[in-house]
Amino acid sequence: MLIFPAIDIVGGKAVRLFKGDYAQMTVYSDDPVSVARDFENAGAKWVHLVDLEGAKTGTTPNLETICKIVRETNLSVEVGGGIRNLETIKTYIENGVSRVILGTAAVKDPEFLEKALNIYGESIAVGVDLKDGEVAIKGWTEGSGVAAYDFCLQLQRMGVKTIICTDISKDGAMQGTNLPLYREFSEKFDLQIIASGGVSSMEDVANLNSMNLYGAIIGKAYYTGAIDLAKAIEVAK
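Following the working numbering, the numbering of the sequence shown begins with 10 at its first residue and continues without gaps.
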């Protein structure tokens, strides 16, 4: 299982939200590039980046910071947050981003997702952000009315290879991750599943690893020191 340490970006800074609430934001670093270098030094191969401003507005206000991480580290970069047109995908891919994560757009506009898959194939992942069993959109601020299971089934049929599955109720709460959810999804779907939200202990990492998941995202637990990234990467091997 791959470990994806995460950097959420607002105003060029590395931040974390509590349960996706923009009003409950903590700034952890003014220099996300330095944070990414620390990930690399700990043995990470990937970094998971989210442009939180982009998630709300559908623009790319933190593009320069993201490009700098691509240029100044050897990490493979996946990016999410407000990617709602082919032009934005092209911009990221041309600037060296390895994988682009579609969220709101994948839920609201299946035709757009299909076009993106046709052009960029496995460089397209989909964020499946869950709130009370349905898929949340627009930076987790709205429900979509789409059931999580149905959505994943649709993604599989369309040829999506990778999903980032987040239980919003667990995100940033440091109370453990939703193991039953990931177990169920890994058994039911033929998808590369990246678990996200509430991965807050080495026990969580070991439990997720035992399910043969593709990856797990570590965010707040890294910044608070609850998880030693180098050790987590070893456990996940």
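C-beta atoms are modelled at their ideal positions from N, C-alpha and C, and glycine is treated no differently.
Residues bridged to residue i [DSSP beta-bridge criterion]
{"i": "Pro-14", "result": "Ile-227"}
{"i": "Val-19", "result": "Lys-22"}
{"i": "Val-144", "result": "Leu-139"}
{"i": "Gly-152", "result": "Ala-145"}
{"i": "Ile-102", "result": "DSSP lists no partner for Ile-102."}
Under 8 Å between C-beta atoms of residue i and residue j
{"i": "Val-155", "j": "Val-106", "result": "no"}
{"i": "Ala-225", "j": "Ile-203", "result": "yes"}
{"i": "Ile-172", "j": "Cys-161", "result": "yes"}
{"i": "Lys-147", "j": "Thr-113", "result": "yes"}
{"i": "Gly-21", "j": "Leu-61", "result": "no"}
{"i": "Thr-69", "j": "Thr-100", "result": "yes"}
{"i": "Leu-11", "j": "Val-56", "result": "no"}
{"i": "Val-144", "j": "Cys-174", "result": "no"}
{"i": "Tyr-271", "j": "Gln-201", "result": "No answer is possible for residue 271: the residues shown for the chain start at 10 and end at 246."}
Counted within 10 angstroms of its Cβ, other Cβ atoms place residue i as buried (16 or more) or exposed
{"i": "Asn-187", "result": "buried"}
{"i": "Ala-125", "result": "buried"}
{"i": "Ala-299", "result": "Nothing in the structure corresponds to residue 299, since the chain is present only between 10 and 246."}
{"i": "Leu-95", "result": "exposed"}
{"i": "Ala-134", "result": "buried"}
{"i": "Ser-209", "result": "buried"}
{"i": "Ala-157", "result": "buried"}
{"i": "Asn-71", "result": "buried"}
{"i": "Arg-25", "result": "buried"}
{"i": "Ile-128", "result": "exposed"}
{"i": "Arg-93", "result": "buried"}
{"i": "Ala-215", "result": "exposed"}
{"i": "Asp-159", "result": "exposed"}
{"i": "Ser-205", "result": "buried"}
{"i": "Lys-54", "result": "exposed"}
{"i": "Asp-30", "result": "exposed"}
{"i": "Ala-32", "result": "exposed"}
Residue i, DSSP secondary structure in three states
{"i": "Ala-53", "result": "coil"}
{"i": "Ser-195", "result": "helix"}
{"i": "Thr-68", "result": "coil"}
{"i": "Thr-35", "result": "strand"}
{"i": "Val-88", "result": "strand"}
{"i": "Ile-236", "result": "coil"}
{"i": "Gly-130", "result": "helix"}
{"i": "Ser-205", "result": "strand"}
{"i": "Gly-63", "result": "helix"}
{"i": "Leu-222", "result": "coil"}
{"i": "Arg-93", "result": "coil"}
{"i": "Thr-171", "result": "strand"}
{"i": "Leu-200", "result": "coil"}
{"i": "Gly-213", "result": "Strictly speaking, residue 213 in this sequence is Asp, with Gly absent from that position. Helix at Asp-213."}
{"i": "Asp-47", "result": "helix"}
For residue j and residue i, the rounded distance between their alpha carbons
{"i": "Lys-170", "j": "Ala-241", "result": "24 Å"}
{"i": "Gly-130", "j": "Gly-168", "result": "8 Å"}
{"i": "Val-88", "j": "Leu-111", "result": "9 Å"}
{"i": "Glu-120", "j": "Gly-234", "result": "42 Å"}
{"i": "Met-220", "j": "Arg-192", "result": "6 Å"}
{"i": "Asp-40", "j": "Ala-15", "result": "14 Å"}
{"i": "Glu-49", "j": "Asp-237", "result": "13 Å"}
{"i": "Gly-67", "j": "Glu-196", "result": "33 Å"}
{"i": "Phe-198", "j": "Leu-217", "result": "16 Å"}
{"i": "Arg-80", "j": "Ala-45", "result": "11 Å"}
{"i": "Gly-142", "j": "Lys-77", "result": "36 Å"}
{"i": "Ala-51", "j": "Ala-245", "result": "13 Å"}
{"i": "Thr-35", "j": "Arg-166", "result": "39 Å"}
{"i": "Glu-123", "j": "Lys-65", "result": "23 Å"}
{"i": "Ser-132", "j": "Ile-98", "result": "10 Å"}
Chain B within 8 Å of residue i, Cβ atoms only
{"i": "Leu-200", "result": "Of the protein chains in this structure there is only one, and it is not chain B."}
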